[in-house]
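Below: one structure, written as structure tokens.
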Amino acid sequence: MSQRREKSKSDREVFLDFVKKISEQEDADPKIQRVINEHFWELIDGEDKQQEEGKPS
Amino acid sequence: MAKINSKKKGNRVELELAKKLTERFGQEFKRVPMSGAWATNNRESEIREDAKEVLAGDIMCPKNFKFSVESKGRIDFNFWDLLNNDTEHLEIDDWIAQAEADAKLVGKEPLIYVKVNNRKPFVLFHSALLPNSNEKVLLYGDYRIMRFDYFMELTEAFFFEE
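Going line by line, the protein sequences match chains A and B. Going letter by letter, the first sequence gives residues 1 to 57 in our numbering. Going letter by letter, the second sequence gives residues 1001 to 1162 in our numbering.
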């Protein structure tokens, strides 16, 4: 039964496939470039930033 | 003026990094005075090998620390450039070349620390050093890009020769 179960791609894998496809285009939309850049920055400082934002002032 | 500010920023980033490494490992790390490839520029000099080892890179590290550390402070950094083949010259390639030259000089592994304004720092190191880790942001050539705080959570054995 479990042999037939195929692990589906994670959201991150799907996103990286998308990034790869877009990056191969010669003139990718600057908006998409910005979104992709920001995605990687969120991986660098996202969690802490969210925690900091959640803190009461 | 801009150049002076940029130099000041670079110095500040180096000092911050030296402090973080000292706190993490309980051993002294210090900014190399007048750093900026000191050892690379003096590779032909007759300075003692042990001194070269300490002075290679931007941070003076303990002798058994596995890495030669380059530190970069920048206003901005665009990950898109790493993914896209259209960009002809990337500054990151210069950083890697410089870090590899310094590391080779002293037989250590290159480590590049990057601090961008209003962002958390990240590091680049040879991905082969940590082949099974899920903690990655992006692979760039032979290098893994990782959040600095996650990098600092790796075990002592990763950082020091026995």
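Where is the CB? At the ideal position from N, CA and C, for every residue including glycine. If you're wondering where the values come from, they're calculated on a predicted model, not measured in any experiment.
Query	Result
Take A:Ile-32 and list the residues in its own chain whose beta-carbon comes closer than 8 angstroms to its own, dropping the five residues that flank it on each side.	Ile-22
So which residues of chain A does B:Trp-1080 contact, with C-beta pairs closer than 7 angstroms?	Gln-33, Ile-36, Asn-37
Determine, for B:Asn-949, whether the minimum Cβ-Cβ distance to residues of chain A falls below 8 angstroms.	Residue 949 of chain B cannot be examined here, being either before or after the span of chain B that is shown, 1001 to 1162.
Take the Cβ of B:Pro-1131 as the centre, count every other Cβ of all protein chains shown within 10 Å, and call the residue buried at 16 or more, exposed below.	exposed
Here's the rule: buried if 16 or more other CB atoms are within 10 angstroms of the residue's CB, otherwise exposed. What is A:Arg-12?	exposed
Using C-beta distances below 6 angstroms, list every residue in its chain close to B:Glu-1100, excluding the 5 sequence neighbours before and after it, in chain order.	Pro-1110
Assign B:Glu-1014 to one of two classes, buried (16 or more other C-beta atoms within 10 Å of its C-beta) or exposed (fewer than that).	buried
Give the straight-line distance between the Cα atoms of A:Arg-5 and B:Thr-1022, rounded to the nearest whole angstrom.	At A:Arg-5, the pLDDT of 43 sits below 50, so the modelled position is not reliable; the number obtained from the coordinates is stated separately. Those two C-alpha atoms are separated by around 49 angstroms.
Taking the alpha carbon of B:Glu-1091 as the point to measure from, which residue in B:Asn-1078, B:Asp-1102, B:Leu-1105 has its own alpha carbon closest?	B:Asn-1078
Counting only C-beta atoms, is B:Asn-1011 closer than 8 angstroms to chain A at any point?	no
On a CA-only basis, which of B:Asp-1076, B:Trp-1080, B:Phe-1067, B:Lys-1120 is nearest B:Glu-1016? Give me that one, please.	B:Lys-1120
Based on the DSSP output, what are the partners of B:Lys-1030 in its beta bridges?	B:Met-1060
For A:Glu-26, return the contacting residues in chain B, with the cut-off set at a CB-CB distance below 7 angstroms.	Asp-1086
What runs of the alpha helix (DSSP H), each 4 residues or longer, lie entirely inside the stretch 1082-1111 of chain B?	1091-1106
Pull up the distance between the alpha-carbon of B:Met-1146 and that of B:Ile-1096, whole angstroms please.	15 angstroms
What residues in the stretch 1129-1160 of chain B have a beta carbon less than 7 angstroms from any beta carbon of chain C?	Note that chain C does not occur in the displayed structure, where the protein chains are A and B.
Express the C-alpha separation of B:Leu-1105 and A:Ile-44 in angstroms, rounding to a whole number.	31 angstroms
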